[in-house]
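So the sequence shown is residues 100 to 1181, counted in this note's numbering.
All residues carry an ideal CB built from backbone N, CA and C; glycine is no exception.
Written out below as structure tokens is the structure these notes cover.
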Amino acid sequence: MKNTWHLMLSLVLALGLTAQDVQAQRKKKAAAPAKEVNINAFKFRNVGPAFLSGRIADIAIHPDNDNHWYVAVGSAGVWKTENAGTTWIPLFDNQKSYSTGCVSIDPSNPSTIWVGSGENVGGRHVGYGDGIYRSDDNGKSWKNMGLNKSEHISKIIVHPDNSNTIWVAAQGPLWSKGGERGVYKSTDGGSNWKQVLGNNEWTGATDLLIDPRNPQVLYAATWDRHRTVAAYMGGGPGTAIYKSTDGGENWAKIHNGLPRSNMGKIGLAISPQNPDVVYAAIELDRTKGGVFRSANAGGFWTKMSNTVSGGTGPHYYQELYASPHKFDRLYLMNVRILTSEDGGKNFTQLKERQKHSDNHAIAFKKDDPNYLMIGTDAGIYESFDLAENWKYHKNLPLTQFYKVAVNNAKPFYHIFGGTQDNGSAGGPSATDEREGISNKHWYKTLGADGHQSATDPEFNNIIYAETQQGGLHRVDLVTGEQVYVQPQAQKGDPHERFNWDAPILVSPHKASTIYFASYRVWKSEDRGDSWTPISSDLTRNENRIELPIMGRKQSWDNAWDVNAMSNYNTITSLSESPVQKGLLYAGTDDGFVHVSENDGQTWTKIPVSQFGLPGRSFVNDIRADLHDPNTVYVALDNHKEGDFRPFLYKSTDRGKTWKSMSSNIPKNTLIWRIVQDHVNPELMFLATEFGIYVTLNGGQKWQKMKGTPNMSFRDITIQREENDVVAASFGRGFYVLDDYSPLRNMNKAAEADKGMLFAPRTAKWYVPRSNLGNTGADYYIAKNPEYGAVFTYYLNDNYSTAKQARKKREGRLNKGNKDVPFPGYDELDKENSEKSAMVYLTIKDGEGHIIKHLKRPARKGSHRIAWNMRHDSGTPINPKSSSRGWFSRGPMVIPGTYTASLSVEKDGEFTAIGEEVSFDLEPIYEGTLKGISYEDYESYRKGFTELRTAIEILSHKAEKVETYMKGLNKAVDQTNQMPSNFKAELVTLENKFSSLSKQIEGSPSRNEIGERNPPSISNHFSVAFRGLSTTYGPTKNHTNSMNLAKEMLSDIQPELDSFIQEVQAFAKKLENAGAPMILGSL
């Protein structure tokens, strides 16, 4: 295989572009004003998967219908089911926050739903929110009700008898001090909020309880915590338990019997059977802790055990639930759920066979003591036998992907990525199945937490995948073997610090060369079998315990927890110029970009403070320009210091000087990754915290793309052979933008006189299969790309009708509260008779014969239209029929080269749009058995089309005769003679017609009871039609059936024509005898 360098060199030579030409082209374009171009035709599609699902934050079951659930997802909004999880509806896709921490249903008015945005855990990967939301229509619409600076809300309680009173536990910002944190109360339905507990810049509230007997009694747990890029501190003097007896207006600390040391995260529960009994799961320093119980409403606490949640730390779990069905039964959320039957004295692990770990939420059904619903890092599980067995909901596509990679597999490339707590996975971008992409098409490639994956451009079945902290593996997809290839420190070396999501880079110059990074850069020339370090430590190499946290340097004895952290002072991004071998870039998590121009022999350090940024900004991504060896792009962020601004920079001199490219990217929109088109250097895409952006002019202006929720995308890449953009969302799986290539010339299209038609990519010629049975509505299926040849076109004119123009004028008048004139009846009649302008796409074969016309309403902007690679049916048109059945489809065209042209028709006048384009249809498979030639297929198709036409004409004649015969029956009774003069002849005609009909359709009596008929024309026609339903083509059997149908047709056609003459003669007799005229002709 030619390496990427040769391919890129050929491309550049073909375009006649040198690096200097590219720079000159960019400077020339930079002078042009950035124009908004309509890109609405380009919409991403979600491809799943759902078999891994994602992190659940909270669950609420409707109080009056336990088949209705609301689910708050850590990084994918709010979802609802009205049929116990059979189908799901996303409710939060268009809100300003995608991250949610809790959901509550108003007990007095269950159509009112409250959602707290921002995750309720303290993890390194959490999304942040913008306050509290309310819906008054069961989640159909939402309104932000304030607390916008809270960032993380963990609990909402609505007064059981007064919907206007709401209490909120706000954890507050994780990465910085201040914000809105503590307990808040509203007495006017959320219009206004008052902080009723908390005035510390580091202390928020993490849990809240209400006494079911007395809503004036509440309990709250406060929490000191702060996370930085370097460390995490999960406790402090502000952490405590409080009680209010006046509806939250005043609070008192209740600490008798509780530890006097600093405490960390606290989970609270109250006994439904005896609300005087309150429980607390308390984290202490160094991830120790205990479960405490009060039997007198918090007056005194008794330590029951040393139990505390574990894993990456209590900050990630620690929710405590009391069973509504059994007194003193507790459930503590943990890696594996811990349960106690004696109020916390003894805990055992809940049975979780064939269930994912990392549990966060639990829901009960009030009338079923054996029912449990658990929200985990992998979605939702149900048990109907108290944890003996679990049912998994595999239809919630909530997977959190950190990174994405693609290979060149045929006929559909595969997508790979690593996920939060669900390992690494791969699957196809499309399938040849009619239904689409289902869970069965996806597969795990590695376990644990998954992170960056990479593909081998030489071998599609070799990929790289890694677990957290740099656990790099080379995976053979044929054998399934996972070879551990992480580079190892040698004798005398310090600990090899790998980032939680360590970067891997396959060289664009040689597939067997890969780079990996810890605090230094490693190189392998044998796909990871051996490694050589090619840099020294490129980071600050600090002791993280000496760095400030919570505003100052902290004592060793405080609540440090770096087990919950990535390593610090690590390399986070790598890139190699595809234009110049050995030109390497590395970025770190502590504020440096490094450049090597000699494959790592020497490195130049560039502090990001030179960009004018905070000195420790995190380098999310470095991308060497695909066309110019001197240009490089860097995406950075400082959100782990509470700064959510977008940072994107470009250098045209290998990092000596930098210029911002973030231009019009909205504030608080972190930029995770950038990718550049391999043909047009000005075309780039961004993966951001809130969607995907594109620039058509080198970053002068960015436009947000369609087809995705408003959520975090952590990575983005381009599949070059298909010209697809593939993006990794952190909560909804993978998204694909099919064939973005028209965007390369979209500016040109917007400036054209009328518009432009773009050539489609090569269309895959195949017949979709159907491998699924009746799977039920809960079977998850993602969409395939649109089948056939997909055309993109751009129209610059509006083509509005007079009616549309009038409504637009009247809209402006109505908005200004002005009189709207009556247009007059003549004008209204003209409007009603005016037809909308239509776009016509005309397909021709290689010889210039027109194959198909496709038409759509003409609208300004970008649009797409698909041709299913079929001829028109060729069936004679019956204006009274609109048949859309199987037999109405036209046969497939054969592979080859075709052309397409575009025009707009308005009032009978056609205007050509752009130039004619050519494109190819190519088979994606060669069958095991070779079918007939394409020439013979075409010959058969033409013969079949003639047969179909003749049969349709015959059938139409027969239908007309049948209708006319009914008229004759009426006419016989309305002559001026005795009916007996005509009845016998009419009966004879009816018998003849019955005999003819039987030859066409078979015996009506047999048909009535399902008995088989002797082969009729219809039978043979149906078999002949099947000869055009596969790419194998018609067999001799199909050809024989077509010939038999033709023979039978040739026999019956003269009989029917002769019969029609007899009917016409009989009708003349009736007319001469004074019968009324029969409308319609034969």
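C-beta atoms of residue i and residue j nearer than 8 angstroms
i     : j     : result
L1028 : P994  : no
F1158 : L1067 : no
T974  : R1047 : yes
I365  : T411  : no
E418  : A460  : yes
I1099 : S1054 : yes
P272  : G278  : yes
V202  : I188  : no
N395  : Y834  : no
L637  : I670  : yes
Y839  : F141  : yes
H738  : L769  : yes
D720  : I773  : yes
S708  : G690  : yes
Y898  : K1005 : yes
G200  : A171  : yes
Q1073 : A1174 : yes
N445  : S404  : yes
E696  : L604  : no
Assumed close pair residue i, residue j - CB separation to whole angstroms, cut-off 8 angstroms
i    : j    : result
H251 : Q519 : Going by Cβ atoms, the distance from H251 to Q519 rounds to 17 angstroms, so no, they are not a contact pair.
G184 : G832 : About 18 angstroms; that fails the 8 angstroms criterion.
V992 : R969 : 7 angstroms
N247 : G288 : About 17 angstroms; that fails the 8 angstroms criterion.
M664 : A330 : 6 angstroms
L429 : A149 : Contact doesn't hold; Cβ gap of about 32 angstroms is too wide.
F515 : S552 : 4 angstroms
Q194 : N809 : 7 angstroms
Close Cβ partners of residue i (< 8 angstroms) along its chain, the five nearest in sequence each way excluded
i     : result
W621  : P586, Y614, F615, W630, T631, P632 and I633
F1018 : A858, P859, R860, T861, A862, A888, T996, Y997, T998 and A999
K1091 : F1158 and E1161
Straight-line Cα distance separating residue j from residue i
i     : j     : result
H1137 : A1123 : 5 angstroms
E740  : D163  : 44 angstroms
D944  : T1062 : 41 angstroms
G1132 : S1038 : 11 angstroms
R819  : H777  : 8 angstroms
P259  : N237  : 18 angstroms
E451  : M432  : 13 angstroms
G1030 : G627  : 45 angstroms
T180  : G797  : 43 angstroms
P525  : G535  : As written in the sequence, residue 525 is Gly, which differs from the Pro given in the question. Near 16 angstroms, if we compare the C-alpha coordinates of G535 and G525.
W292  : K254  : 15 angstroms
M1176 : E1170 : 7 angstroms
G522  : N506  : 19 angstroms
P311  : S762  : 53 angstroms
G579  : F511  : 20 angstroms
R988  : A508  : 31 angstroms
K239  : L190  : 7 angstroms
R813  : D600  : 12 angstroms
Chain-order list of residues whose beta-carbon lies under 6 angstroms from that of residue i (same chain, five-residue window excluded)
i    : result
M855 : A848, Y893 and G1013
Q294 : G281 and Y283
Y732 : R722, K749 and I773
A131 : Confidence in A131 is poor, its pLDDT being 46 and thus under 50, which makes the residue's placement too unreliable to answer from.
T612 : S606 and E624
Nonlocal neighbours in the same chain, by C-beta distance under 7 angstroms from residue i, ignoring five residues either side
i     : result
N977  : H1055
K126  : With a pLDDT of 45 at K126, under the threshold of 50, the predicted position of this residue should be treated as unreliable, though the coordinate-derived value follows. Hits under 7 angstroms: none found.
A1144 : L1046, I1116, H1119, F1120 and A1123
P423  : P371, F463 and K465
Contact with chain D by residue i, beta-carbon distance below 8 angstroms
i     : result
S1117 : Among the chains in the structure shown there is no chain D, since it carries only a single protein chain.
Complete beta strand (DSSP E) runs within the stretch 831-916 (minimum length 3 residues, chain order) = 833-836, 854-857, 862-864 and 888-894
query = Taking only runs of the beta strand (DSSP E) that begin and end inside the stretch 445-478, which ones reach a length of at least 3 residues, in chain order?
reply = 458-464 and 467-475
Whole runs of the beta strand (DSSP E) within the stretch 743-775, excluding any shorter than 3 residues = Runs found: 770-775.
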